[in-house]
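Some notes on the structure that comes next.
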Amino acid sequence: EPEVTQTPSHQVTQMGQEVILHCVPISNHLYFYWYRQILGQKVEFLVSFYNNEISEKSEIFDDQFSVERPDGSNFTLKIRSTKLEDSAMYFCASSPGIPGEQYFGPGTRLTVT
Amino acid sequence: DQQVKQNSPSLSVQEGRISILNCDYTNSMFDYFLWYKKYPAEGPTFLISISSIKDKNEDGRFTVFLNKSAKHLSLHIVPSQPGDSAVYFCAASAYYTGTASKLTFGTGTRLQVTL
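As given, the protein sequences belong to chains Y and P, one line each in that order. Mapping of the first sequence onto my numbering: residues 21 to 133, in sequence order. Mapping of the second sequence onto my numbering: residues 3 to 117, in sequence order.
Listed below in structure tokens is the structure:
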């Protein structure tokens, strides 16, 4: 069964450093998303991407964040200058366009020290 | 901003019995509702969804009920099995054709199915 994959599974970085989180969505899906979950809190929407552009972004997704789909398969989230409060699980998701149905990857645990 | 609420942080049910997980929402624009199951250190796994034009959707042991007037939905698992022990998230979406509609999640309910 096709699945969303994410790398790395765990990333440790120092405050102020740039990180890039990688995702390979399910092929033939058209809609892509990033969410995050801070420990003990709920899953929060960051950004959605459709037709090679950002569809919607949350207030969390400030100028330090960017997304790219550099080729036909990868979908990346970049954090330019990480802060301690960026420590969280970051989930990538993709959707074939069936309303509401999104399929999540296993997540990348980002630890900012 | 608590547009989707799960008021029970945990639930314990005996194997073979029914598990009922509840969810309330406040945003009238939501028209699709989903349940996800999550194990530690894994991503949420899609379980079942329901459109706002329906009041019930069933898939095997899982049934979701929607009460639009009360802005309430519930997930029934019958019979409950030990492998169902996980955190269950309710999520909602306002769907617009041609857009990547985001999901708004509740805080989750930890279900423990005991032997």
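Glycine residues also receive a C-beta, built at the ideal position from the N, C-alpha and C atoms. Only a predicted model underlies this, so the values are computations on that prediction, with no experimental measurement involved.
* Take every Cβ of the stretch 12 to 30 of chain P, pair it with every Cβ of the stretch 82 to 91 of chain Y, and state whether three or more of those distances are shorter than 8 Å. => Segments in contact, no.
* Look at the alpha carbon of Y/T131 and the alpha carbon of P/Q83, and state the distance between them as a whole number of angstroms. => As a position in the first sequence, residue 131 of chain Y is number 111, starting the count at 1. As a position in the second sequence, residue 83 of chain P is number 81, starting the count at 1. Their backbone Cα atoms lie some 35 Å apart in a straight line.
* Asked: Tell me which same chain residues have a C-beta within less than 7 Å of the C-beta of P/S103, skipping the five on either side of it?
  -> In the second sequence, the residue the question calls residue 103 of chain P occupies position 101. For P/S103, where only same-chain residues beyond five positions count, the Cβ hits under 7 Å are S95, A96 and Y97.
* Asked: So who's on the other strand from Y/V24, going by DSSP bridges?
  -> Counting from one through the first sequence, the residue named residue 24 of chain Y turns up at place 4. Answer is none; Y/V24 lacks a bridge partner.
* Asked: Does any CB atom of chain P fall closer than 9 Å to the CB of Y/F65?
  -> Counted from its first residue, the first sequence places residue 65 of chain Y at position 45. So, interface residue.
* Leaving out five residues before and five after Y/I2 in sequence, what residues of the same chain have Cβ atoms less than 6 Å from its Cβ? -> Chain Y is shown from 21 up to 133; residue 2 of chain Y falls before or after that span and cannot be answered.
* Using the beta-carbon of each residue, which ones in chain Y are nearer than 9 Å to P/L105? -> Residue numbering aside, residue 105 of chain P sits at position 103 when the second sequence is read from its first letter. For P/L105, the chain Y residues whose C-beta falls within less than 9 Å of its own C-beta are Y53, Y55, V63, F65, A113, G120 and Q122, listed in chain order.
* Give a yes or no on whether the minimum CB-CB distance between P/P81 and chain Y is below 9 Å. => For the purposes of this step, residue 81 of chain P is identified with residue 79 of the second sequence, where counting begins at 1. Not one beta carbon of chain Y lies nearer than 9 Å to the beta carbon of P/P81.
* To do: Answer yes or no: does any C-beta atom of chain P fall closer than 9 Å to that of Y/G127?
  => Along the first sequence, read from residue 1 onward, the residue named residue 127 of chain Y stands at position 107. Yes, its Cβ sits closer than 9 Å to a Cβ of chain P.
* Asked: Can you list the beta strand (DSSP E) stretches of 3 or more residues lying completely in the stretch 27 to 72 of chain Y, in chain order?
  -> Complete beta strand (DSSP E) runs here, min 3: 30 to 33, 39 to 44, 51 to 57 and 64 to 70.
* Can you tell me whether Y/Q61 is buried or exposed, with buried defined as 16 or more other CB within 10 angstroms of its CB? -> For the purposes of this step, residue 61 of chain Y is taken as residue 41 along the first sequence, with counting starting at 1. Counting every other CB atom within 10 Å of its CB across the protein chains shown gives Y/Q61 a total below 16, marking it as exposed.
* Do three or more CB pairs link the stretch 115 to 133 of chain Y to the stretch 23 to 32 of chain Y at distances below 8 Å? -> The stretch 115 to 133 of chain Y vs the stretch 23 to 32 of chain Y: in contact.
* Asked: Going along the chain, which residues of its own chain have a beta-carbon closer than 8 Å to the beta-carbon of P/S54, five neighbours each way excluded?
  -> Taking the second sequence and counting its residues from 1, one reaches residue 54 of chain P at position 52. For P/S54, where only same-chain residues beyond five positions count, the Cβ hits under 8 Å are F32, D33, Y34, F35, L68 and K70.
* Compare the Cα-Cα distances from P/G62 to each of P/V6, P/S10, P/Y41 and P/P81 and report the closest residue. => Here residue 62 of chain P corresponds to residue number 60 of the second sequence, with the count starting at 1. Among P/V6, P/S10, P/Y41 and P/P81, the Cα nearest to that of P/G62 belongs to P/P81.
* Asked: For P/L36, which three-state DSSP category applies?
  -> Position 34 of the second sequence, counted from the first residue, corresponds to residue 36 of chain P. Assigned with DSSP and collapsed to three states, P/L36 falls in strand.
* **Residues sharing a beta bridge with Y/E76, DSSP** => Sequence index remark: in the first sequence, residue 76 of chain Y carries index 56 (1-based). Answer is Y/S68, bridged to Y/E76.
* Out of Y/S75, Y/P45, Y/S114 and Y/G36, state which residue places its alpha-carbon closest to the alpha-carbon of Y/R100. => What you label residue 100 of chain Y is simply residue 80 of the first sequence in a count that begins at 1. Put simply, of Y/S75, Y/P45, Y/S114 and Y/G36 the residue whose alpha carbon is nearest the alpha carbon of Y/R100 is Y/G36.
* **P/R112: first and last residue of the uninterrupted beta strand (DSSP E) it sits in** => The residue labelled residue 112 of chain P in the question sits at position 110 within the second sequence. Segment T111 to T116, the beta strand (DSSP E) holding P/R112.
* With 9 Å as the threshold, decide whether the Cβ of Y/R38 is near any Cβ in chain P. => Within the first sequence, numbered from 1, the residue matching residue 38 of chain Y stands at position 18. In the sequence under discussion, the amino acid at residue 38 of chain Y is Glu, which differs from the Arg named in the question. For Y/E38, the closest Cβ of chain P is not nearer than 9 Å.
* Is there at least one Cβ from chain P nearer than 9 Å to Y/E76's Cβ? -> Mapped onto the first sequence, residue 76 of chain Y falls at position 56. Any Cβ of chain P closer than 9 Å to the Cβ of Y/E76 would place that residue at the interface, and such an atom is present.
* How would you list, in chain order, the residues of chain Y whose beta-carbon sits under 7 Å from the beta-carbon of P/S21? -> Residue 21 of chain P sits at position 19 when you count from the first residue of the second sequence. Under the 7 Å cutoff, chain Y gives no residues; its nearest Cβ is about 20 Å from P/S21.
* So, using beta-carbon positions, are Y/H49 and Y/G125 closer together than 9 Å? -> Translated into positions along the first sequence, residue 49 of chain Y becomes position 29. Translated into positions along the first sequence, residue 125 of chain Y becomes position 105. No, the Cβ-Cβ distance between Y/H49 and Y/G125 is not below 9 Å.
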